[in-house]
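In what follows, a single structure is set out as structure tokens and then discussed.
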Amino acid sequence: MKPVELIAALVLRAVRTGMARRLLISGIAQVGLVVVGVAYLLFGALRDNPFADQMTVTVDLDESGGLLANQDVTLRGVPIGRVASVDFTDDGVRAVARIDAHARIPREGMVARVSGLSPAGEQYLNLEPAASTGPLLTDGTVIGRSDTSTPIPIWRLLENVDGLLAQTDPVQLNAVLGELGVSEQGPQKLRELLSGGQLLISTLDGVLPQTMTLLRSSRPAFRIFDEGSDGIRSIAANLGSTLAGVSAKDAGMRRLLEDTPNALATIDRVIADNSETMVQLLGNLTTVAQLSYVRVPALQQLFRDDRPPLLDGVASLMHGGGIWAIADIYPRYICDYPHPRDVPFIPNYPEPYLHTYCLNDDPGLLIRGARNAPRPPGDDTAGPPPGWDPLRRTDPTPVGPHTIPLPYGGPVMPPESEPHRQGIPWN
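For the sequence shown, full-length UniProt numbering gives the first residue as 1, with consecutive numbering after it.
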């Protein structure tokens with residue numbers, strides 16, 4: 001038998017068998033069609049897969065925002081599950097969402113936002129993570145109210161619109177409408193006005209993050225003004241009294257304002273006449289400021305705040321009708337400097353010794369002395385320099401044109417009675 005005849009015979013036999021069992025085949029076809037339709041509705045239209053692994057995520061909301069059960073849960077707009085239930089709590093609304101367990105949703109910076117597909121409603125729960133890495137949402141995760149957002153309710157929108165309309169002056173609005181319709185260019189003017197408003201709104205939308213940051217940053221400043229309202233009222237009252245006093249001295253204030261330019265001109269001339277000296281003085285003050293800056297710790301130890309003032313100490317001595325003091329007769333060891341003593345009655349003021357260091361290393365001596373004062377890093381002036389001369393004196397005081405001479409008074413003393421300095425006559 002040829003292949004064509006064989007195929008034709010098989011087809012003919014199948015047709016005869018089908019005709020003989022047409023009721024059974026029709027029933028099987030109907031059942032298959034129903035199964036395919038149910039599968040399409042379940043997996044395609046309803047997106048409900050009973051065999052898929054799901055996890056439960058709880059979202060706490062201040063208000064439902066129109067969210068209902070069986071509405072979509074999306075990840076940045078892509079459906080990943082459905083809302084299982086929406087229930088009331090003591091202080092808000094709790095929505096339970098069942099989402100695909102295989103969805104990798106970062107928890108850090110998560111914002112659960114109730115959004116609508118259209119103004120008519122069709123709300124859904126959209127999950128918007130701020131990062132692409134980090135800890136993931138797991139079964140039983142709870143998203144708090146601080147990480148959720150709901151649309152503005154209709155009642156609040158109507159209230160805001162009512163407040164806006166209440167601020168609109170009908171007379172001015174009628175004047176604007178009348179001005180727009182006084183000529184043939186009225187529609188064009190309205191079109192330009194709307195275009196300008198659209199440009200303004202688009203410009204504000206472009207700087208929306210900066211505007212929100214400015215508003216958030218200004219909130220603490222305005223809160224300070226709100227908390228200090230009583231102080232501001234007191235300042236205003238005191239300022240009113242001050243200005244009233246100034247008003248009473250109007251004549252004196254006018255005279256002060258009239259004399260001030262002359263005084264300022266005099267000060268300007270003084271500064272101009274002494275500009276070179278002022279520049280040199282400022283340069284010297286710069287050096288002093290630099291030296292003082294690196295020695296701030298030493299100055300802080302010199303002027304300590306934890307010790308009572310000297311006047312308070314002196315006042316504490318006088319009480320009970322007398323002066324009270326405590327004397328300690330215990331002899332204390334003092335540092336003896338290796339310098340010969342000068343004659344105290346020499347009138348020509350000899351220069352002081354340059355190096356005045358205590359040679360005793362006992363830490364009990366000079367606790368508040370110069371060698372224990374805080375010094376800048378690298379400063380080694382707490383001790384004498386290498387190879388120092390204990391008898392070296394400072395440079396002589398410069399003699400200027402206005403220096404007053406201090407000669408020895410009285411008759412000339414005989415040579416044998418003249419004072420000596422380190423074994424050398426003074427003159």
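Just so it is clear, CB atoms sit at the ideal spot from N, CA and C, and this is done for glycine as well.
Inter-residue spacing [alpha-carbon to alpha-carbon] between residue i and residue j
i: residue 107; j: residue 130; result: 9 Å
i: residue 71; j: residue 110; result: 20 Å
i: residue 112; j: residue 214; result: 25 Å
i: residue 394; j: residue 353; result: 6 Å
i: residue 31; j: residue 98; result: 32 Å
i: residue 55; j: residue 190; result: 55 Å
i: residue 383; j: residue 371; result: 7 Å
i: residue 125; j: residue 232; result: 47 Å
i: residue 7; j: residue 23; result: 25 Å
i: residue 326; j: residue 335; result: 24 Å
i: residue 434; j: residue 197; result: Outside the modelled stretch of the chain, which goes from 1 to 427, sits residue 434, for which no answer is possible.
i: residue 358; j: residue 373; result: 14 Å
i: residue 234; j: residue 139; result: 58 Å
i: residue 63; j: residue 194; result: 35 Å
i: residue 255; j: residue 269; result: 22 Å
i: residue 288; j: residue 249; result: 44 Å
i: residue 38; j: residue 26; result: 18 Å
i: residue 207; j: residue 145; result: 27 Å
i: residue 312; j: residue 333; result: 29 Å
6 Å Cβ shell around residue i - same chain, five flanking residues per side excluded
i: residue 428; result: Absent from the model: residue 428. The displayed extent of the chain is 1 to 427, so no value can be given.
i: residue 85; result: 69, 96
i: residue 65; result: 114, 150, 151
i: residue 360; result: 335
i: residue 276; result: none
Assigned secondary structure, residue i (DSSP; H/G/I helix, E/B strand, else coil)
i: residue 54; result: strand
i: residue 123; result: strand
i: residue 128; result: strand
i: residue 303; result: coil
i: residue 207; result: coil
i: residue 19; result: helix
i: residue 501; result: The structure shown does not extend to residue 501, since the chain spans only 1 to 427, so no value can be given for it.
i: residue 74; result: strand
i: residue 345; result: coil
i: residue 95; result: strand
i: residue 322; result: strand
i: residue 90; result: coil
i: residue 59; result: strand
i: residue 403; result: coil
i: residue 435; result: Nothing can be reported for residue 435: it is not among the residues displayed for the chain, which extend from 1 to 427.
i: residue 240; result: helix
i: residue 136; result: strand
i: residue 82; result: strand
i: residue 101; result: coil
i: residue 197; result: helix
i: residue 64; result: coil
i: residue 393; result: strand
i: residue 332; result: coil
Own chain residues within Cβ distance below 8 Å of residue i, not counting five before or after
i: residue 3; result: none
i: residue 143; result: 57, 58, 59, 60, 110, 112
i: residue 428; result: In the structure displayed, the chain extends from 1 to 427; residue 428 sits before or after that span and is not available.
Classification of residue i by the beta-carbon crowding that lies within 10 angstroms, buried from 16 upward
i: residue 177; result: exposed
i: residue 81; result: buried
i: residue 59; result: buried
i: residue 150; result: buried
i: residue 83; result: buried
i: residue 171; result: exposed
i: residue 397; result: exposed
i: residue 301; result: exposed
i: residue 73; result: buried
i: residue 89; result: exposed
i: residue 123; result: buried
i: residue 264; result: exposed
i: residue 367; result: exposed
i: residue 483; result: Lying outside 1 to 427, the shown extent of the chain, residue 483 is not represented and no answer is given.
i: residue 267; result: exposed
Residues near residue i by beta carbon distance below 7 Å, same chain, minus five either side
i: residue 324; result: 317
i: residue 128; result: 76, 111, 113
At 4 residues or longer, and completely inside the stretch 214-302: list those alpha helix (DSSP H) runs for me, N to C.
229-248, 250-273, 275-294, 296-302
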